[in-house]
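Asker:
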Amino acid sequence: MFAVLLPVKEFRRSKQRLATWLPLVEREALAQAMFEDVWAMRQSSFVRDRLFVVSSEPYVIERCRKDSVPCQIEADQHSHSDSVTEATRWAMSHGVTSLLSIPIDTPAVTADEISVLAELGDRYSVVVVPSADGTGTNALLRTPPDAIAPQFGPGSCALHLQQAKAKGLSHSVYPVESLAADIDTPEDAEHFLSLDHACRTTTLLRQWLDRRQEIRRGVAVCS
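In my numbering, the protein residues as written are 13 to 235.
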């Protein structure tokens with residue numbers, strides 16, 4: 013069975029790299045908006061019964077309970093790689109044979125793109141969706157789910173491919189524009205807005221950007 017794994021940090025601990033641009037309350041709101049946008053994939057019948065979540069965020073845990081989505085509750089917040097590693101074993105215990113891990117900071121992703129990636133699992137043991145700069149990993153498909161160990165972060169694209177090659181596993185790098193459009197920096201946010209993707213995240217970012225521009229104009233007039 014193919015499944016999508018969604019690791020979700022506590023909202024208050026998300027988007028730390030945006031701290032110089034957004035205060036905590038806005039970073040929490042952004043994390044929630046991105047979660048809701050990715051969660052909207054459940055409207056697709058293909059994704060609805062194939063979604064697994066690992067999180068320690070109370071809002072997410074309650075949302076999973078209400079929507080009957082399997083959720084592994086983390087007692088302590090782990091690194092992204094550790095969370096995916098533990099959740100991989102859990103998903104396999106539920107009969108998952110092919111697992112796609114995606115982050116919540118890719119709110120433009122669509123169910124159709126997930127379906128295309130799922131089909132790649134029939135051809136490759138490891139599929140890496142690279143970050144915008146080509147060095148990181150924004151999504152990882154493994155068939156079986158424990159084919160390689162997840163190692164997210166800088167340089168992870170090469171690390172995942174090295175593991176696959178060392179084990180003699182079929183592998184592919186498959187760029188997906190929506191999954192490359194993660195939001196970790198102010199520049200990422202501006203790039204995401206340029207995609208003009210209709211979602212909660214876009215609305216929120218535009219509101220904040222417009223407000224900041226108005227403030228800057230006001231300061232310029234006063235000076």
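For every residue, glycine included, the Cβ atom is placed at its ideal position computed from N, Cα and C.
The structure displayed is predicted, hence computed values, not measured ones.
Any idea which residues DSSP pairs Ile85 with across the strands?
Answerer: DSSP, once it has assigned bridges, lists Ser67 as partnering Ile85.
Asker: Identify whether Val140 lies in helix, strand or coil by the three-state DSSP scheme.
Answerer: If DSSP states are grouped into helix, strand and coil, Val140 belongs with the strands.
Asker: With a threshold of 6 angstroms on Cβ separation, who are the neighbours of Ala45 within its own chain once the five nearest residues in sequence on each side are excluded?
Answerer: Closer than 6 angstroms at Cβ, skipping near neighbours: Arg212, Thr213 and Leu216.
Asker: If you count every other CB in all the chains shown that lies within 10 Å of the CB of Val233, and 16 or more means buried, which is it?
Answerer: Bear in mind that the predicted position of Val233 carries a pLDDT of just 49, short of 50, making it too unreliable to give a figure here.
Asker: May I have the straight-line CA-CA distance separating Arg62 from Phe14, to the nearest angstrom?
Answerer: Each residue's alpha carbon lies about 7 angstroms from the other.
Asker: Based on Cα-Cα distance, which residue from Ser206, Ile195, Arg223 and Glu202 lies nearest to Arg29?
Answerer: Ranking the options by Cα distance to Arg29, first place goes to Ile195.
Asker: Across which residues does DSSP place His183 in a beta bridge pair?
Answerer: Beta-bridge pairing links His183 to Val138.
Asker: Determine the DSSP secondary structure at Arg154, reduced to helix, strand or coil.
Answerer: Strand at Arg154.
Asker: When the Cβ atoms of the segment 114-133 are set against those of the segment 169-181, are three or more pairs found closer than 8 angstroms?
Answerer: No, the segment 114-133 does not touch the segment 169-181.
Asker: Provide the residue span of the beta strand (DSSP E) that contains Leu191, from first to last.
Answerer: Note, Leu191: premise wrong, no beta strand (DSSP E); alpha helix (DSSP H) at Glu189 to Ala192.
Asker: Report the three-state DSSP secondary structure of Ser56 (helix, strand or coil).
Answerer: Coil.
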